[in-house]
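A short worksheet on the structure shown next.
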Amino acid sequence: MADLLAPGARLTERLGPLRIRLAADRLDALLITQPANIFYLSNFKGSAGMLLVTPDDACLVTDSRYATVAQALVAASAAEAPLTVVQVEWSYEETVCAVLTDVGVSRVGFETAHMTVARHDWLERGLAGSGVTLRGTTGLVESFRQVKDADELATMREAGGRISLVMEQVLQRLRVGRTEREVAADIDWAIRGAGFDGPAFETIVAGGPNTALPHARPGDRRLAPGDLVLLDFGGIYHGYCVDLTRMASLGTPDPAALAWHAAVREAHAAALAAVGPGVRASAVDTAARMVLERRGLGAAFAHGTGHGLGVEVHEAPRVGKHRPAAAFPGSGDEVADVRLEPGMVFTVEPGVYLPGHGGVRLEDDLVVTADGYELLTHVSLDLLVIDDAPV
Ligand code: ZN
Ligand code: ZN
4 MADLLAPGAR
14 LTERLGPLRI
24 RLAADRLDAL
34 LITQPANIFY
44 LSNFKGSAGM
54 LLVTPDDACL
64 VTDSRYATVA
74 QALVAASAAE
84 APLTVVQVEW
94 SYEETVCAVL
104 TDVGVSRVGF
114 ETAHMTVARH
124 DWLERGLAGS
134 GVTLRGTTGL
144 VESFRQVKDA
154 DELATMREAG
164 GRISLVMEQV
174 LQRLRVGRTE
184 REVAADIDWA
194 IRGAGFDGPA
204 FETIVAGGPN
214 TALPHARPGD
224 RRLAPGDLVL
234 LDFGGIYHGY
244 CVDLTRMASL
254 GTPDPAALAW
264 HAAVREAHAA
274 ALAAVGPGVR
284 ASAVDTAARM
294 VLERRGLGAA
304 FAHGTGHGLG
314 VEVHEAPRVG
324 KHRPAAAFPG
334 SGDEVADVRL
344 EPGMVFTVEP
354 GVYLPGHGGV
364 RLEDDLVVTA
374 DGYELLTHVS
384 LDLLVIDDAP
394 V
């Protein structure tokens, strides 16, 4: 299993550009507390840990629960850029203050979006008089994470293939009379059975009028004849998330449902056709939105067209309406309207939602390539009609 984590040399390649950026920002080190950022730079996945990146070291601070895992990561790290581990004795804050004082750095960046005020205050007090000062940063590691490297893409391609097979299987097994909750439990079972670490988010199974809720939670409603059914689920595969949505109909769909499905499918195709390097992410959203507006469904498309995907199921880039620069400098970086680059991975998931009636969403994952895109998920976009649905 460890062979599917990024090799030590790859982690060294990821640390390189970050160090250049730190130097440009006149920072001696970066204290990373966001778990996904820690994983990206060290392969460490735990519920607690901090990573201190200095010009020539990456030091993982963690506690005794992770001692064995941490030692394995140290052994696997590249000789030219070794990972070191410091084990917490009493508290993370005390340990980090001691490490920072020891390594002789003065300006240390921290992640403003991922540190509590209490922890920040503790560190400031602990570092008083040491010559170490904390400087806020936003979205530093995240900005690198949005362009995937070859190892990440290989993992995500494999994950996309596996989640597609799960979708094909569970669509075929949909039956009248089962509750949304039962179907969701089957899906979660199938996700783990397909080799995933687990679901990437709470599996969505919505039937009939519940399809009008973009983030429906599976409940006790039983699937009924004539229902539209929306399945939206994802899995985490060796640390990376994939996310897929398809639709089925239990029996002959009504004409309105067919019209929504046709419109969303056209919007999905328009969004894909807009993808390419140099294009603004918002242009992909606009392409989908214009189709739905032409079909009189613009108001029914209540969310953005997609979201970045990787170590987290929602990450940069954001694929939504263009937004002018943030009102507060440094804030809102995570919602920036970026220009697409080869290696960026995101979802395309237009949808329409008509409260009280129903809704349709179709979602795929893709990676931007030098001349367009490559789909990571592969399931027919047809509305699967299950005619002979036995009770
Ligand atoms: Zn989804
Ligand atoms: Zn999604």
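This note's numbering numbers the first residue of the sequence shown as 4 and each following residue consecutively. Every residue, glycine too, gets a C-beta built ideally from N, C-alpha and C. Please read all numbers here as calculations on a predicted model, not as lab measurements.
Per DSSP, the bridge partner or partners of residue i
i	result
GLN90	THR65
CYS244	ILE239
ILE23	DSSP, once it has assigned bridges, lists no residue as partnering ILE23.
THR57	ASP60
PRO202	GLY238
GLY307	Beta-bridge pairing links GLY307 to no other residue.
MET250	LEU233
TYR376	VAL371
THR255	None; THR255 has no bridge partner.
THR182	ARG225
Neighbour-count burial assignment, residue i, 16 or more Cβ in a 10 Å radius
i	result
THR158	buried
PRO58	exposed
LEU168	exposed
ASP105	exposed
ASP368	buried
HIS271	buried
GLN74	exposed
ASP257	exposed
ALA26	exposed
GLN175	exposed
GLU96	buried
VAL394	At VAL394 the pLDDT is 48, less than 50, meaning the model places this residue with poor confidence; the figure from the coordinates comes in the next sentence. The residue in question, VAL394, is exposed, as its Cβ has fewer than 16 Cβ neighbours within 10 Å.
ASP288	buried
TRP263	buried
SER80	buried
ASP374	exposed
Ligand 1 heavy atom lying under 7 Å from the CB of residue i
i	result
THR248	yes
ASP235	yes
Residue i beta carbon near ligand 2 (any heavy atom closer than 7 Å)
i	result
HIS399	No answer is possible for residue 399: it lies beyond the span of the chain, which begins at 4 and ends at 394.
GLU352	yes
GLU366	yes
HIS310	yes
Boundaries (first-last residue) of the alpha helix (DSSP H) holding residue i
i	result
ARG128	120–130
GLN264	Sequence check: residue 264 is His here, not Gln. Here the alpha helix (DSSP H) through HIS264 covers 258–277.
LEU156	153–175
LEU44	38–45
Minimum Cβ-Cβ distance from residue i to chain D less than 8 Å
i	result
PRO202	In summary, chain D is missing from the structure at hand, where a single protein chain is found.
Endpoints, beta strand (DSSP E) assigned at residue i
i	result
GLY139	136–140
PHE113	110–114
VAL314	Counting along the chain, VAL314 falls outside any beta strand (DSSP E), and DSSP gives it neither H nor E.
Any non-hydrogen atom of ligand 3 closer than 7 Å to residue i Cβ
i	result
ALA157	Questions concerning ligand 3 fall outside what the structure shown contains, since the ligands it does hold are ligand 1 and ligand 2.
Report the residue ranges of all beta strand (DSSP E) runs contained in full by the stretch 334–371; include only those spanning at least 3 residues, in chain order.
Those beta strand (DSSP E) runs which fall completely within the stretch 334–371 and span 3+ residues are 348–351, 354–357 and 361–364.
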